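Protein chains in written order, with our numbering: chain A, 929 to 1047; chain B, 3 to 111.
Listed below in structure tokens is the structure:
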């Protein structure tokens, strides 16, 4: 099956610090990965699309300098929350598509999520 | 605009059948997904419909009518572990998943 690993699963940090979250596709290559944010009792909101070897595409209202995305290889994308503040506390989830499979190429497989708490 | 509607919450009894509806209006259509999400966890893939009709996979089935902008997820022989949020999501022309707000299903004994 398609497995996406996300690390860390839970992080607490002080206000003003930066936090890096990793998203890896373990058994497939993913030219495209996605980063979502989810607040309690709400659905997933797409933050940005991460493209291997090129700049990420950010959704309207998402600060690219605040949420740095790097997709340096076909199996790894990272999201860095810079100078985190309490309002950045949320559940961050990544997903990846299996680029090589034409039949299921549109299916996004999700990582386990990262719960960020900024004090 | 883009809009995906599904009921906020539903309750059903263990062993019964429940149908969760989803209607959508999006900029382009490239498939509809259903995901299951337990509290505090990431969504897990349940089904994918790109053509009209019914897709069956074990206890779960998903139906799509593109002309009506309508889908449903059917869960049979409900189990307590099926209590979760069920997310309807449409893949639009840009290749992005647009999620509905999710339906919180509670299965009672």
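Glycine included, C-beta positions come from ideal geometry on N, C-alpha and C. Computed from a predicted model, the values in this text were never measured in an experiment.
Closest in alpha carbon position to residue 1006 of chain A, among A:979, A:1016, A:1035, is A:979. According to the DSSP secondary-structure assignment, residue 13 of chain B is paired through a beta bridge with B:108. Counted as a single uninterrupted DSSP element, the beta strand (DSSP E) harbouring residue 20 of chain B occupies residues 20–27. Bounds of the beta strand (DSSP E) holding residue 57 of chain B are 55–59. In this structure, the beta-carbon distance from residue 1036 of chain A to residue 1023 of chain A falls below 9 Å. The alpha carbon of residue 55 of chain B has as its nearest neighbour, out of B:73, B:48, B:47, the alpha carbon of B:73. Going by beta carbons, residue 937 of chain A and residue 1012 of chain A fall outside the 9 Å limit.
With a 10 Å radius around the Cβ and a threshold of 16 neighbouring Cβ atoms, residue 1041 of chain A comes out buried.
Nearest to residue 1043 of chain A by alpha-carbon distance, out of A:994, A:1016, A:977, is A:1016.
If you look at residue 1042 of chain A, you'll find it in the beta strand (DSSP E) that goes 1042–1046. Shortest Cα-Cα distance from residue 88 of chain B to any of B:48, B:4, B:26 involves B:48.
Think of a sphere of 9 Å around the beta carbon of residue 89 of chain B: the chain A residues whose beta carbon falls inside it are 971, 972, in chain order. Of all C-beta pairs linking the region 26–43 of chain B to the region 84–104 of chain B, three or more are shorter than 8 Å, placing the two stretches in contact. Residue 45 of chain B belongs to the set of residues whose beta carbon lies under 9 Å from a beta carbon in chain A. Proximity of chain B to residue 1040 of chain A at the Cβ level (cut-off 9 Å) is accounted for by 43, 44, in chain order. In the three-state reduction of the DSSP assignment, residue 84 of chain B falls in the helix class. In terms of CA proximity to residue 943 of chain A, A:1014 leads the group A:1039, A:1014, A:1034. Residue contact check for residue 98 of chain B against chain A: a CB pair falls below 9 Å. Close to chain B, meaning a Cβ-Cβ distance shorter than 8 Å, is no residue of the region 979–994 of chain A at all.
Taking the beta carbon of residue 1037 of chain A as reference, the chain B residues within 8 Å of it are 47, listed in sequence order. Looking only at B:57, B:64, B:33, the smallest Cα-Cα distance to residue 1034 of chain A is reached by B:33. One thing to note: residue 1046 of chain A has its Cβ within 9 Å of the Cβ of residue 941 of chain A. Per DSSP, the continuous beta strand (DSSP E) segment holding residue 948 of chain A begins and ends at 947–953. Look at residue 1021 of chain A: its C-beta is under 9 Å from a C-beta on chain B.
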